[in-house]
Structure formats: C-alpha cells, structure tokens
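Chains A and B, in that order, give the protein sequences. If you count the first sequence from 1, position 161 lands on 161 in the working numbering, and the numbers rise without skipping. The working numbering runs 308 ahead of the 1-based position in the second sequence.
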Amino acid sequence: MRKTQREKGLIGKRMPEGKKFFLVSIPFVIFVFAFAYIPLFGWAYAFFDYRPGLSLLDCDFVGFKIFAKILNNKNELIRVMRNTLAMSFIGLLGMPLPVIFAIMLNEIQNSKFRKLVQTTTTLPNFISWIVVFTLAFAMFSSDGLVTNICKALGMDVRNNLLGDNKHVWIFQWALGTWKSLGWGAIIYVASIAGIDAELYDAAHVDGANRWQTIRHITIPGLYPTFFVQMLLQISNMLNNGFEQYFVFYNPLVANKIEVLDYYVFRIGVLTNDYPQSIALGMCKTIISVTLLFTANRLSKKVRGESIV
Amino acid sequence: MRIKKSKGDRIGDFFIYTICILFMIVCIYPFYYVIIYSISDPAQALKGIFLLPRGFSMETYRQLLRTNDIGSAYMVSIARTFFGTLLTIACSSFFAYLVTNQKMYFRKVIYRFVIITMYINAGLIPWYMVMKAYHLQNNFLLYILPGAVNAYYIVLIKTYMESLPKELEESAKIDGAGMFRIYGQIIFPLCKPIIATIGVFSVVGQWNQWTDNYFLVTSAKLQTLQMVLYNYLNQANRFTNMSGNSADAAAIAATITPTSIKMCITVLVVLPIMCVYPFLQRYFVKGIMMGAVKG
C-alpha cells in the first residue's frame, strides 16, 4: 500500500509507461489494419453477384453459387490444379539439392574459394523474374545461345525451350532452382555450422573417413532444418507465386504453365470476373493457412517445437 | 595442423570442386553473356557471341539514354528504393521497439495482430480494389506505403532487440530519457547490424518489385525500370516507333537491333545490383541465419 503511494508520488501525473507505449502503437495498428485486414473484407464479394461499377449493396446475395460455379468448371479447375500440384511436387523432390550443395560447400577447405562460390551462386536470387526472363530469352530463344549450340550439334530445336509444351514443368523448375539453389543452401550451411564440433573430432579419432562423417554426422544433423523447410514447402503447396508464371506465359505453353496464382490473375484481371477470382483467392488462402497450422501442430508433436 | 589427404579424399575434392565450378559458371555466365552482347556491335552480334564481344559499340546505350523513359524510370526506381527502404526501416524498427516493452498494454495481442499478416493474404483483386479506394492508383505512395510495417522484419528486429542488455534502457530511463529518445539514441544505434540486414533485403525487394506498377500505375512518369524492361521485351519494335520522325527511326534501326536493346536494358537493370551485391552479401547471410531463429 505504501509502495503504490510512493509510486504515485514519484510519477505524479505522468502516464504509466505501458499505456504510453500502447497509445503510440495505435497508429501502426491502424496502418496494418488498413493495408492487411481491410482487403479481407473484399472476400464478401465472393458471395454476391457483383459487376464492376456497382456498389455491393446493389448486388444480389448468391450464397455459395460462385464457388459452385468454380467447381462446375471442371476441366479448367483440374488443369490448373494439376499444374499447381505438379510444380509443387517437383519442387518437393528437388528439396535435397540445396542440402547437397551446402554439404559440398562445407567440404571446401579453401575459405576464399568457398566464399566465391557462395557469392556467385546466390546472385540469381536477387534479380527479378523479368530479368530472369531476359536471361532465359538470351539463352533459349530461337536464336539464343543454347539453342544455337544445340543446332550446331544437330539436335532438333524447332521448338525452343520457351515454347516447348512437353518440358514446361521441368524447365520452370530448373529456372526456379537456378534462381534459388545457392540462397536455399545458406540456411543449411548455417545449421552445419551449428553441429557440435566434438562429434566430428570423435569421428576423426575413430578413423571415420569423409563420406562416413557426412553420412553419420552432417546429414543427421540437418534433419531438423530439412524437416522444417519441408513442412513450410508443403504448406505453400498452392502458392507457386505469380511473377515467374506470368513472365514465362505464352500461348504455346499456356495449358501447362497456368498455376493457381496465374489463374486468379487471369479470371480477375483479364476476364474481369471479380467474384470468381476473389472466391479462388479466398479458398487458396484458407487452405494454405490450414495446411500451415496442421504442419505446425505436426512439428510440435514430432519435435516439440513449432515452426511459426 | 595439416592432415595428409587420402586418395579417396582427393577424388572427393575433385568431384566437389568440379561441380561447384560448373554451377558457378551456370549462375554467372548468363549475366556475362548479356553484358558482352550489350557492348558488341549489334550487327555483328547477330552472328552469335560466346566468350568475347564482337566489335565494340555503345550506340545502343547512347540511343537508349537519349529517350526519356529510361532516365525517368531510373529516377523512379531509385526513389522508391530509397524512400521505401527508409520508411520500412523507420516504421518496422520503431514498432519492434514498442512491442519489446514488457509493460505495454495488450502487447501480445498487438504483436500477434501484426505478425498474422505474414500468413493471411486477401488476394489480388481485394488488394487491387482497396489500393484504388485509397487513391494509390497512379500514385508514387503506392510503391512505398504498403510495405512500411513489415511483419517479417519486425520479427527479426524484435528478436535482435531482445538480445540487447536491459540495463542500457533502464539507466537511460533513470536519467530521465523518454521513449523516443531511448529509441533514437540508444536502441536504434545498437541495432545497426540487423537494420543493415533488413535494409539490404528491402533495397533488393524494392528494386525488383514491379507487380504494383503493372497493376496500378499507368502514368508514364511513374514507370519503374523493371516495368520498362518488361515492356521492351514485349514490344521489340517499340524503340523505333518511339523516336518521332521516320528518317531518324530508319537510321536507328540500321545501327541497333531489338535484341541489343533488350540486352542493354537488362544490363542497366541488373548493374546496380551486381555492383553493390558482393559487398552486401554478408548481411544477407546474417539475415537468413537470424530468420531461421523464429521470433
């Protein structure tokens, strides 16, 4: 009792610190609300028969009719989902690559060379997909360098890779891997650095060779990081991203390259069907968040640690 | 101590070095190719280029820099990168400072409220409609405002701030410093390493961003460099159409080619990144390592 009085006397009319911090944070909360939460109200349009130009109040409430419409458009939906899941699945299969690359980097004793490799291989991560497209254009277009080399070697290059319908998925995957492999390896390089050095010393004393050390110490040491990355990748299954598929889209590969993110764009912007596009985006976000939280619960159960 | 390598180790080394060198070449060569193409003589370049430029000509660059859209796009890209990064750093770091104070009312609720925005995404069309409603269409503020309070950066900065010794803030408080002063003169300067990291992330992000431009900015004055590159890619003949009279256009068409234009703009777009990137690489690495430690 005496203490509170003394506090009162000392602080006088000054506002409690916690309240002050709270009040100062309000503008930030409003800002975040305006830019990240207000757009969520747009989801309401998925339940109305909306046409651009009208106010939502003038539109008819149609319940889940638009979702039914999406499901009824079976061929298109199946094609888009096939492309989306195919890209995600190939991406999952490619997940060991950055791990292997990180292990290789770790085996390079010359630190200058190691840094050089790391610097050059992470560069592609820092250019936009538009630039990746121009580089790919310079290499793979009908008079690009690689195409010309293939021609000189007598290979059949009537369809250059940019317009090759058969190899769209693997080509897009390769481009994505080119862009992100070096960057993706950094996280594993960091976790290798975190492995207890005593384990390596002990293995050395026991006469383990390089391969045995990698096999029995490094790789098991990377399991937890790999597991987290895999869960994140799985929960991002529906989010292939928009930019890559947008810049590489062309009529020759259209049916193979159209992933969900591109579909949302095409329906919304090119065909101007706002409600359908919004409904699609809404389903995508809800499924992704559900997946993420499921993955998180799984992680908690298996490792006792959450990922988000 | 040097341990003599066994035969198996040497074979392993050879294998590892070969793969690393090959992968390095795959990563770097496209950039190199574009650069040597851009300084080659456009007419000779059509015959094919591999390791060295063919001829030498800066004609395409000269013509490109004469058109006003490249210059203006450079200014817009630099402006959005500079102001966008400044605003993001200021807002995100200050907010992170606020939520590190244990006494803050509703601290957990407010922090979660902001962090959740990392995972929820309203989608393209709702975003588009809202930005339009805020009058950000054809507005420079569209480039810098929406990302000002970034949840991911806040997690990184907050984690870093929590690792700082509490005593500094306590003693400043006893000396009568207010919250803004403690933030500005004590906490922010101590956070320099993490601020540098997110600054670099933000710079690269801003420089490479173009979807906001594509969807909402049609005004010629506000086009970013990335968008100009994209437009040139899709309209090979745009350049010759642009320069007013036809005699001029014919003269230009004789000296430069659509491909040389594309290559030159690509160089103009990636050169800033390539120049600063090797020096900033360590900040990226630090960032991703800290990112692995969740907040």
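All residues carry an ideal CB built from backbone N, CA and C; glycine is no exception.
Pick from the options that is closest to residue i, judged by C-alpha positions
| i | options | result |
| --- | --- | --- |
| B:G431 | A:S288, A:K300, A:L298 and A:R303 | A:S288 |
| B:Y325 | A:L231, A:N75 and A:L105 | A:L105 |
| B:I494 | B:F364, B:P473 and B:I506 | B:P473 |
| B:Y491 | B:F391, B:A351 and B:C399 | B:C399 |
| B:N542 | A:L77, A:I130 and A:P124 | A:I130 |
| A:A174 | A:N296, A:A136 and A:R215 | A:A136 |
| A:V80 | A:I257, A:S299, A:L270 and A:M237 | A:I257 |
| B:V438 | A:L238, A:Y45 and A:Q244 | A:Y45 |
| B:T567 | B:M383, B:P454, B:I327 and B:I344 | B:I344 |
| A:Q233 | A:F140, A:K19, A:F293 and A:M155 | A:F293 |
| A:C283 | A:R114, A:D261 and A:V302 | A:D261 |
| B:P617 | B:S348, B:T389 and B:L354 | Missing from the structure shown is residue 617 of chain B; chain B here goes from 309 to 603 and no further. |
Proximity test, Cβ basis, 8 angstroms: residue i and chain B
| i | result |
| --- | --- |
| A:F140 | no |
| A:G154 | no |
| A:Y249 | no |
| A:F242 | yes |
| A:I186 | yes |
| A:P124 | yes |
| A:A304 | Before going on, a small fix: residue 304 of chain A reads as Gly here, not Ala. No, A:G304 does not count as interfacial toward chain B. |
| A:G221 | no |
| A:M87 | no |
| A:L252 | no |
| A:I257 | no |
Chain A contact for residue i (CB, 8 angstroms cutoff)
| i | result |
| --- | --- |
| B:V525 | no |
| B:V422 | yes |
| B:A353 | no |
| B:P580 | no |
| B:G507 | no |
| B:Q534 | yes |
| B:I319 | no |
| B:V571 | It is Met, not Val, that sits at residue 571 of chain B in the sequence shown. Yes, B:M571 counts as interfacial toward chain A. |
| B:G282 | The structure shown does not extend to residue 282 of chain B, since chain B spans only 309 to 603, so no value can be given for it. |
| B:M550 | Note that B:M550 has pLDDT 47, beneath the 50 cutoff, so the model's placement of it is unreliable and the number below is only indicative. Chain A, which has no Cβ nearer than 8 angstroms to the Cβ of B:M550, makes this no. |
| B:Y461 | no |
| B:F414 | yes |
| B:K411 | yes |
| B:I327 | yes |
| B:G316 | yes |
| B:M469 | no |
| B:R546 | Caution applies to B:R546, whose pLDDT of 48 falls short of 50 and renders its modelled position unreliable; the model cannot decide the point. |
| B:P586 | yes |
| B:F403 | yes |
| B:P501 | no |
Contact list for residue i against chain A, beta-carbon separation under 9 angstroms
| i | result |
| --- | --- |
| B:G492 | Per Cβ cutoff of 9 angstroms: no residues; B:G492 is ~13 angstroms from chain A at best. |
| B:V593 | Q118, T122, I186, V189 and A190 |
| B:T519 | F242, E243 and F246 |
| B:L476 | Per Cβ cutoff of 9 angstroms: no residues; B:L476 is ~16 angstroms from chain A at best. |
| B:M487 | E17, K20, F21 and V24 |
| B:P350 | Residues of chain A passing the Cβ test: none, with the nearest at roughly 13 angstroms. |
Chain-ordered chain A contacts of residue i [CB-CB under 7 angstroms]
| i | result |
| --- | --- |
| B:Y538 | I130 |
| B:L406 | F21, V24 and S25 |
| B:F331 | T121 |
Contact list for residue i against chain B, beta-carbon separation under 8 angstroms
| i | result |
| --- | --- |
| A:L145 | Y341, G356, I357 and F358 |
| A:R310 | Residue 310 of chain A falls outside the range modelled here, since chain A spans only 1 to 308, and no answer is possible. |
| A:I217 | Those do not exist, as A:I217 stays about 16 angstroms from chain B at its closest Cβ, beyond 8 angstroms. |
| A:N236 | Under the 8 angstroms cutoff, chain B gives no residues; its nearest Cβ is about 11 angstroms from A:N236. |
| A:N148 | G356 |
Partners in chain B for residue i, counting only beta-carbon separations shorter than 9 angstroms
| i | result |
| --- | --- |
| A:G207 | None at all; the shortest Cβ gap to chain B is about 11 angstroms. |
Chain-ordered chain B contacts of residue i [CB-CB under 7 angstroms]
| i | result |
| --- | --- |
| A:F231 | Before going further, note that residue 231 of chain A is Leu rather than Phe in the sequence given. Those do not exist, as A:L231 stays about 13 angstroms from chain B at its closest Cβ, beyond 7 angstroms. |
>> Tell me which residues of the segment 416 to 444 of chain B have at least one Cβ-Cβ distance to chain A shorter than 7 angstroms, keeping chain order.
In response: I418, F421, V422, T425, Y427, I428, N429, A430, G431, L432, I433, P434, W435, M437 and V438
>> Residues of the segment 51 to 85 of chain A in Cβ contact with chain B at a cutoff of 7 angstroms, in chain order, please.
In response: none
>> Please list, in chain order, the residues of the segment 15 to 46 of chain A that have any C-beta partner in chain B closer than 7 angstroms.
In response: E17, G18, K19, K20, F21, F22, V24, S25, F28, V29, F31, V32, F35, A36, I38, P39, L40, G42 and W43
>> Give me the subset of the segment 93 to 111 of chain A whose CB atoms are less than 7 angstroms from a CB atom of chain B, sorted by chain position.
In response: M104, E107 and I108
> Using a Cβ cut-off of 8 angstroms, which residues of the segment 264 to 278 of chain A contact any Cβ in chain B, in chain order?
Replying inline: V264, F265, G268, V269, Y274, S277 and I278
> When the Cβ atoms of the segment 361 to 375 of chain B are set against those of the segment 430 to 444 of chain B, are three or more pairs found closer than 8 angstroms?
Replying inline: Contact between the segment 361 to 375 of chain B and the segment 430 to 444 of chain B is absent: fewer than 3 CB-CB pairs across the two stretches fall below 8 angstroms.
> Looking at C-beta atoms only, is the number of pairs between the segment 457 to 472 of chain B and the segment 397 to 408 of chain B that lie closer than 8 angstroms three or more?
Replying inline: Yes, the segment 457 to 472 of chain B touches the segment 397 to 408 of chain B.
> If you measure beta-carbon to beta-carbon, which residues of the segment 154 to 179 of chain A are closer than 9 angstroms to chain B?
Replying inline: W178
>> By the 8 angstroms beta-carbon criterion, what residues does the segment 444 to 457 of chain B contribute toward chain A?
In response: L453, P454, A456 and V457
> Between the segment 584 to 594 of chain B and the segment 350 to 365 of chain B, are three or more C-beta pairs nearer than 8 angstroms?
Replying inline: no
>> Residues of the segment 283 to 294 of chain A in Cβ contact with chain B at a cutoff of 8 angstroms, in chain order, please.
In response: K284, T285, S288, V289 and L292
>> Under 8 angstroms: do the segment 520 to 527 of chain B and the segment 410 to 429 of chain B share three or more Cβ pairs, one atom per stretch?
In response: no
>> Using 8 angstroms as the cut-off, can you tell me whether the segment 268 to 277 of chain A makes contact with the segment 332 to 342 of chain B, which would need three or more C-beta pairs spanning the two stretches below that distance?
In response: no
> Can at least three beta-carbon pairs, one atom from the segment 233 to 246 of chain A and one from the segment 89 to 109 of chain A, be found at a separation below 8 angstroms?
Replying inline: yes
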